[in-house]
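Worksheet: one structure, shown below.
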Amino acid sequence: MTAPGTAPDNDIPAGDDGTPRSSRRVRHWLAGAGVTALAAVLGITLAVRGGATPACAAPPTGNAVHKGKASFYDAGRSGGNCSFPGPPADRLYVALGASQYSGSAACGSYLEVTGPKGKVRVMVMDQCGGCGPSKIDLSTEAFTRIADRSQGIAPVTYRAVVNPPLDGGLTFRLKGGASKYWFAVQVGNHGNPLRSVEAMGPDGGFRKAARQSDNHWTIEGGIGPGPYSIRVTDVYGRQATATGIRMVTKQVQRSTATLASASPTPSGSPSAPPSPTTAPAPTPTESVAPTATVEALAGAAAPLDRPRC
Numbered sequence: 006m007t008a009p010g011t012a013p014d015n016d017i018p019a020g021d022d023g024t025p026r027s028s029r030r031v032r033h034w035l036a037g038a039g040v041t042a043l044a045a046v047l048g049i050t051l052a053v054r055g056g057a058t059p060a061c062a063a064p065p066t067g068n069a070v071h072k073g074k075a076s077f078y079d080a081g082r083s084g085g086n087c088s089f090p091g092p093p094a095d096r097l098y099v100a101l102g103a104s105q106y107s108g109s110a111a112c113g114s115y116l117e118v119t120g121p122k123g124k125v126r127v128m129v130m131d132q133c134g135g136c137g138p139s140k141i142d143l144s145t146e147a148f149t150r151i152a153d154r155s156q157g158i159a160p161v162t163y164r165a166v167v168n169p170p171l172d173g174g175l176t177f178r179l180k181g182g183a184s185k186y187w188f189a190v191q192v193g194n195h196g197n198p199l200r201s202v203e204a205m206g207p208d209g210g211f212r213k214a215a216r217q218s219d220n221h222w223t224i225e226g227g228i229g230p231g232p233y234s235i236r237v238t239d240v241y242g243r244q245a246t247a248t249g250i251r252m253v254t255k256q257v258q259r260s261t262a263t264l265a266s267a268s269p270t271p272s273g274s275p276s277a278p279p280s281p282t283t284a285p286a287p288t289p290t291e292s293v294a295p296t297a298t299v300e301a302l303a304g305a306a307a308p309l310d311r312p313r314c
């Protein structure tokens, strides 16, 4: 567990063997088509084995209910493919197949999973290499809340938790190796899947960061030594900006900026502040940086830009 060709030019001139040029072209065209088909098949196979993000992929959002099956696993102290410092304190997490993990787009969001014995809320922390579109892999602790462990695999339904209640505001963790020449940050405690992350250094002007499959957002060339302002937008259009994020790697820096609200649906404006619950915590080897300040919280909810499959 942890644990998104073109054919060669074969249209050569005919030789002196008397074979008509058109016949030679047909044979070479068929050979080229065969090579192309083989390359395509091999490409698909390599993509599947390598865990590449499918062309049509998106995390669970909104009110859509998904039906499938759940198994379970133990990630130990790992933060999974999402590269979190560790699992959530309550150890209620889930790994998704490549299409729903969507190149880390699902990281840090929450699902409500219903099984034979009840419901559980889990945080997306990992990618499941052997899971298809309708299969999820729960932590052992989460699985035992919705089914008997002896079942091994249980039928489930699951849906996104929109605006989940969270403990505190957004967190930021600069990746090891980040510097004034290469900006790389992980955003945590956001609740809803993220649409975009932008950052601004001391020279001013927000720059858009690129999402990476390990759940970091990077800006090539860097944006200076900091401190930084970081603007985060979720898939429903809610937006928050935190300031005072320092150039300190591998430390969780907490802010009071928040995206999620108490609204139970993905439409409407942000309302009441979130109520407390358990959130992912840094491992004992990591220190927590001083609180960042909030610059703004704005943005009305907007429909998710989902690919049409």
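The sequence shown begins at 6 in our numbering and counts up by one. C-beta atoms are modelled at their ideal positions from N, C-alpha and C, and glycine is treated no differently.
Relative to the alpha-carbon of residue i, which residue among the options has its alpha-carbon at the smallest distance?
| i | options | result |
| --- | --- | --- |
| R243 | D208, E203, N197 and Q258 | N197 |
| D120 | A103, L143 and S109 | Note that residue 120 corresponds to Gly in the displayed sequence, not to Asp. If we check each option's Cα against that of G120, L143 comes out closest. |
| A247 | V166, E203 and P65 | E203 |
| F177 | R96, G249 and G135 | G249 |
| G227 | L97, P64 and F188 | F188 |
| N68 | Y115, I158, G209 and G84 | Y115 |
| S83 | D208, M130 and D153 | M130 |
| L171 | G73, A75 and P93 | P93 |
Does DSSP put residue i in a helix, a strand or coil?
| i | result |
| --- | --- |
| F211 | coil |
| R4 | Nothing in the structure corresponds to residue 4, since the chain is present only between 6 and 314. |
| T263 | coil |
| Q132 | strand |
| S184 | strand |
| A52 | Residue placement at A52 is flagged as unreliable, the pLDDT there being 36, under the threshold of 50; the coordinate-derived value follows with that caveat. Helix at A52. |
| I224 | strand |
| G137 | coil |
How many angstroms separate the CA atom of residue i from the CA atom of residue j?
| i | j | result |
| --- | --- | --- |
| L175 | V161 | 30 angstroms |
| K255 | L179 | 6 angstroms |
| I141 | G102 | 7 angstroms |
| A262 | V99 | 26 angstroms |
| V253 | A183 | 9 angstroms |
| Y241 | H71 | 19 angstroms |
| S218 | F89 | 13 angstroms |
| P207 | P232 | 7 angstroms |
| G181 | V190 | 9 angstroms |
Would the beta-carbon of residue i be found less than 7 angstroms away from any heavy atom of the ligand ZN?
| i | result |
| --- | --- |
| N197 | Within the structure as shown, the ligand ZN is missing, as the structure has no ligands at all. |
Can you tell me the Cβ-Cβ gap for residue i and residue j, rounded? I've got them flagged as a contact below 8 angstroms.
| i | j | result |
| --- | --- | --- |
| R216 | G108 | 7 angstroms |
| R236 | I224 | Not really, about 13 angstroms apart at Cβ, beyond 8 angstroms. |
For chain D, find out if any of its Cβ atoms is closer than 8 angstroms to the Cβ of residue i; answer yes or no.
| i | result |
| --- | --- |
| K213 | Any reference to chain D falls outside this structure, which holds one protein chain only. |
### Task
Pick out the complete beta strand (DSSP E) segments inside the segment 56-120, 3 residues or longer, and give them in chain order.
Taking only runs of at least 3 residues, the beta strand (DSSP E) segments lying wholly in the segment 56-120 are 70-78, 98-101 and 115-120.
### Query
What residue ranges within the segment 227-258 form continuous alpha helix (DSSP H) runs of no fewer than 4 residues, ordered along the chain?
Runs of the alpha helix (DSSP H) inside the segment 227-258: none found.
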